[in-house]
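**Student:** If you use full-length UniProt numbering, the sequence shown corresponds to residues 1 to 465, in order. Sharing a structure below in structure tokens format, with a few things to ask.
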Amino acid sequence: MSNIESKEPIGIEADVEMVATETSFNPKHTHKVHWYRSTMFQAFVTGAASFMGVGLFNALSATGAGGLQNTYTSNSSMALGWGPMIPIAWMASGIISKLGPKWALFYGTLGYIFYAAALYTNSAFGNQWFVMFGAFLSAMTSGVFFPVEGAIITIYPEPWYKGRALALWQSMYRNVKTGGLAPKTYLVFVGLMVLAPLSSLLLSPPEKVQRTDGSPVPSFPKESMWVEFKETMKTLKDPKIISLSVLWAQPLFAPALLGTFLAKHFSVRVRALSSLVLPVVEIILFQVIGYVVDKTNIPVRKRMTWVWIPLNVLSLGSMIWMFVNIVVMDKNYPTRAYDWTTPGFAQIWTCVILATALPYVACGFYYVLAGYSFPINSSGIRLTRVMSQLRAAEAGGAAVAYGMLAGGASFTVAGACNLALLVVCIGVGCHLLLEVRKQDLDGKFTRDTMAASQLVGLESVEEEK
Numbered sequence: 001m002s003n004i005e006s007k008e009p010i011g012i013e014a015d016v017e018m019v020a021t022e023t024s025f026n027p028k029h030t031h032k033v034h035w036y037r038s039t040m041f042q043a044f045v046t047g048a049a050s051f052m053g054v055g056l057f058n059a060l061s062a063t064g065a066g067g068l069q070n071t072y073t074s075n076s077s078m079a080l081g082w083g084p085m086i087p088i089a090w091m092a093s094g095i096i097s098k099l100g101p102k103w104a105l106f107y108g109t110l111g112y113i114f115y116a117a118a119l120y121t122n123s124a125f126g127n128q129w130f131v132m133f134g135a136f137l138s139a140m141t142s143g144v145f146f147p148v149e150g151a152i153i154t155i156y157p158e159p160w161y162k163g164r165a166l167a168l169w170q171s172m173y174r175n176v177k178t179g180g181l182a183p184k185t186y187l188v189f190v191g192l193m194v195l196a197p198l199s200s201l202l203l204s205p206p207e208k209v210q211r212t213d214g215s216p217v218p219s220f221p222k223e224s225m226w227v228e229f230k231e232t233m234k235t236l237k238d239p240k241i242i243s244l245s246v247l248w249a250q251p252l253f254a255p256a257l258l259g260t261f262l263a264k265h266f267s268v269r270v271r272a273l274s275s276l277v278l279p280v281v282e283i284i285l286f287q288v289i290g291y292v293v294d295k296t297n298i299p300v301r302k303r304m305t306w307v308w309i310p311l312n313v314l315s316l317g318s319m320i321w322m323f324v325n326i327v328v329m330d331k332n333y334p335t336r337a338y339d340w341t342t343p344g345f346a347q348i349w350t351c352v353i354l355a356t357a358l359p360y361v362a363c364g365f366y367y368v369l370a371g372y373s374f375p376i377n378s379s380g381i382r383l384t385r386v387m388s389q390l391r392a393a394e395a396g397g398a399a400v401a402y403g404m405l406a407g408g409a410s411f412t413v414a415g416a417c418n419l420a421l422l423v424v425c426i427g428v429g430c431h432l433l434l435e436v437r438k439q440d441l442d443g444k445f446t447r448d449t450m451a452a453s454q455l456v457g458l459e460s461v462e463e464e465k
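Rendered as structure tokens:
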């Protein structure tokens with residue numbers, strides 16, 4: 001390991017050249033790029049792999065296998081799918097160091113094929129054991145997929161395209177619509193999931209990616225798996241990593257409760273409607289956030305605050321609203337199933353839509369918040385290790401949430417845990433936001449600092465090679 005690498009501060013922002021865009025900086029496209037080597041095409045490829053892999057995985061799971069799985073089997077399989085992802089994600093930077101980002105992305109999509117096949121056989125023949133086994137197989141690969149997709153989408157793009165790249169990736173990932181499914185329909189999903197590994201092969205390796213400013217993409221890890229595992233675990237020495245891990249645990253904690261609540265208390269056609277409306281709401285919010293965070297003529301601290309405040313006001317309000325509905329339902333109507341003709345449907349369904357969509361939107365924004373939370377002279381190697389840690393925390397949140405529900409926890413208990421975790425996350429996020437504000441006021445995101453970081457970044461890239 002080089003001296004530069006060993007002395008480098010831990011950081012999540014891989015773009016060492018220009019991570020913190022200067023408030024008055026107006027990027028100019030001075031280099032012509034081939035469309036298939038452009039950073040936005042790489043974001044598209046990553047989004048396509050996410051859409052046909054984890055996107056379909058989540059869509060199928062959210063419907064309770066189209067109403068053919070009971071909620072216990074669904075939650076148990078999801079807990080079994082997310083739990084093993086934690087240690088796999090910790091080892092992901094080592095796997096990426098051996099395979100490279102393209103083949104790591106390819107490997108990460110393979111397990112979802114088995115899960116879709118398991119759902120088909122369960123719907124056709126009722127063998128629920130295969131659902132559990134398929135979920136376990138998907139965990140063996142998705143533990144690599146989650147860190148590598150996050151690293152690609154954060155390392156590859158130019159600073160002024162990061163918000164739009166995140167919006168494109170998350171919009172494709174969430175643009176999955178499904179409802180109640182007949183058994184043969186699952187074969188279509190199996191076919192789409194088979195395309196996920198093939199689509200990942202369109203990804204360009206870092207050294208061939210062409211940025212519009214001509215700067216190189218920082219290197220990915222190249223150490224042994226054991227060294228990478230140890231370096232990944234060392235990231236926990238940084239309090240900011242712990243804070244970000246708390247944030248990353250929340251976005252998949254809430255949907256576990258809300259997906260189960262939707263499956264138990266709403267008709268199949270309402271669940272189908274929800275699968276149509278949710279992606280639309282999320283895509284609109286992703287585009288708005290991407291536009292705001294890429295406004296380089298506005299100070300970083302203001303951009304972050306303008307997104308953070310309304311996002312968390314809506315999140316907290318919808319979760320409190322959801323918790324009140326859950327308590328009322330558990331106490332008075334434990335077996336009620338809503339259809340869109342049921343009195344009171346609009347109020348409770350709107351609440352479920354907002355409370356489900358906002359955690360996913362917040363997760364996309366956390367990538368931006370994390371990027372500004374660390375020193376600007378941080379390499380892609382460090383990012384990959386940190387991303388492995390954060391995605392492990394994300395998997396841990398999902399595993400705990402689904403495990404609670406599979407273990408028989410009531411909606412009231414699960415709702416209280418969700419609300420408490422959200423309050424903690426708001427406090428942690430405010431602390432990180434104050435750190436970003438301090439760095440911005442100290443001039444860390446000015447043009448001079450950016451230029452200096454570019455020189456450091458180029459030296460680091462050459463040293464890593």
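From the three backbone atoms N, C-alpha and C, an ideal C-beta is built for every residue, glycine too.
1. Distance, Cα to Cα, Asp213 vs Asn297?
2. For Phe189, does the three-state DSSP call read helix, strand or coil?
3. Does the beta-carbon distance from Phe106 to Ala151 come in below 9 Å?
4. Note the first and the last residue of the continuous alpha helix (DSSP H) segment covering Gln389.
5. Give me the Cα-Cα distance between Ile309 and Met91, rounded to the nearest whole angstrom.
6. Grouping DSSP H, G and I as helix and E and B as strand, with all else coil, what is Ser373?
7. What separation, rounded to the nearest whole angstrom, lies between the Cα atoms of Gly83 and Cys425?
8. Are the CB atoms of Gly143 and Pro87 within a distance shorter than 9 Å?
9. In this structure, how does DSSP classify Ser200 when only helix, strand and coil are distinguished?
10. Three Cβ pairs or more, each shorter than 8 Å: is that satisfied between the region 154–162 and the region 34–51?
11. Whole angstroms are fine: how far does the CA of Met78 sit from the CA of Trp129?
12. Below 8 Å, how does it come out for the region 352–363 and the region 250–269: are there three or more Cβ pairs, yes or no?
13. Gln250 by DSSP, collapsed to three states: which one?
14. By DSSP, does Ile113 sit in helix, in strand, or in coil?
15. Tell me, please, which residues DSSP counts as bridged to Ser38.
16. For Ser76 versus Tyr402, is the C-beta distance shorter than 9 Å?
17. Run through DSSP, which three-state label would Phe44 get?
18. Between which two residues does the alpha helix (DSSP H) carrying Ser315 extend?
19. First and last residue of the alpha helix (DSSP H) that includes Tyr156?
20. Pick out whichever of Met233, Ala49 and Leu316 has its Cα sitting closest to the Cα of Val352.
21. Candidates Leu441, Leu80 and Leu433: which alpha carbon is nearest Trp306's?
22. Taking all protein chains shown into account, decide if Glu231 is buried (16 or more other Cβ within 10 angstroms of its Cβ) or exposed.
23. Of all the options Phe57, Ala414 and Val281, which has the alpha carbon lying nearest to the alpha carbon of Tyr120?
24. Asp339: buried (16+ other C-beta within 10 angstroms of its C-beta) or exposed?
25. Taking the alpha-carbon positions, what's the Leu198 to Phe114 distance?
26. Check whether the region 278–292 touches the region 382–402, taking contact to mean three or more Cβ pairs, one atom from each stretch, closer than 8 Å.
27. Kindly confirm or deny that the region 92–105 and the region 408–426 touch, where touching means at least three C-beta pairs closer than 8 Å.
28. So, at 8 Å on beta carbons, what are the nonlocal neighbours of Arg303 in its own chain, with the 5 sequence-adjacent residues on each side left out?
29. Using beta-carbon positions only, say whether Gly100 and Phe146 come within less than 9 Å of one another.
30. What separation, rounded to the nearest whole angstrom, lies between the Cα atoms of Gly163 and Arg37?
31. Give me the Cα-Cα distance between Lys240 and Leu369, rounded to the nearest whole angstrom.
32. Please determine, among Val190, Pro343 and Val217, the residue with the shortest C-alpha to C-alpha distance to Ala117.
33. In the structure shown, what three-state DSSP assignment does Phe220 receive?
34. Locate the alpha helix (DSSP H) running through Tyr291, then write down its first and last residues.
35. Around the C-beta of Tyr366, are 16 or more other C-beta atoms found within 10 angstroms, so that it is buried, or is it exposed?
36. With respect to the alpha helix (DSSP H) encompassing Ser77, which residues constitute its N-terminal and C-terminal limits?
**Tutor:** On the basis of the supplied data:
1. So the two alpha carbons sit approximately 18 Å from each other.
2. The DSSP-derived three-state label of Phe189 is helix.
3. Against a cut-off of 9 Å, the Cβ pair of Ala151 and Phe106 comes out as no contact.
4. Gln389: member of the alpha helix (DSSP H) spanning Gly380 to Ala406, first to last residue.
5. A straight line joining the alpha-carbon of Ile309 with that of Met91 spans about 35 Å.
6. Taken through DSSP and simplified to helix, strand or coil, Ser373 comes out as coil.
7. Looking at the backbone, the Cα of Gly83 and that of Cys425 are separated by about 21 Å.
8. Their beta carbons are under 9 Å apart, which means Pro87 touches Gly143 by this criterion.
9. Ser200: helix per DSSP, three-state reduction.
10. Segments in contact, yes.
11. Rounded to the nearest angstrom, the two C-alpha atoms are 13 Å apart.
12. Segment contact: the region 352–363 against the region 250–269, three or more CB-CB distances shorter than 8 Å; contact assigned.
13. Note: Gln250 maps to coil in three-state DSSP.
14. If DSSP states are grouped into helix, strand and coil, Ile113 belongs with the helices.
15. Under DSSP, the beta-bridge partners assigned to Ser38 are Gln210.
16. Their beta carbons are under 9 Å apart, which means Ser76 touches Tyr402 by this criterion.
17. Judged by DSSP in its simplified three-state form, Phe44 adopts helix.
18. That run of the alpha helix (DSSP H) goes Val300 to Asn332.
19. Careful: Tyr156 lies outside any alpha helix (DSSP H) and carries neither H nor E.
20. Considering only alpha carbons, the answer is Leu316.
21. For the set Leu441, Leu80 and Leu433, the Cα lying nearest the Cα of Trp306 is the one of Leu433.
22. Its Cβ being crowded by 16 or more others within 10 Å, Glu231 is buried.
23. Ranking Phe57, Ala414 and Val281 by Cα distance to Tyr120 puts Phe57 first.
24. Exposed, by the Cβ-count rule.
25. If I take the Cα positions, the gap works out to 16 Å.
26. Judged by Cβ distances under 8 Å, the region 278–292 makes no contact with the region 382–402, as fewer than three pairs qualify.
27. Under the Cβ criterion (8 Å, minimum of three pairs), the region 92–105 does not count as touching the region 408–426.
28. Closer than 8 Å at Cβ, skipping near neighbours: Val292, Val293 and Lys295.
29. It is not a contact, given that the beta carbons lie outside the stated cut-off.
30. The alpha-carbon atoms of Gly163 and Arg37 are separated by roughly 19 Å.
31. Straight-line measurement puts the Cα of Leu369 at about 11 Å from the Cα of Lys240.
32. Of the listed residues, the one whose Cα sits closest to Ala117 is Val190.
33. Correct three-state label for Phe220: coil.
34. Where Tyr291 is concerned, the enclosing alpha helix (DSSP H) starts and stops at Val268 to Val293.
35. Under a 10 Å Cβ-count criterion, Tyr366 is classified as buried, with 16 or more other Cβ atoms of the shown protein chains found around its own Cβ.
36. Segment Thr71 to Trp82, the alpha helix (DSSP H) holding Ser77.
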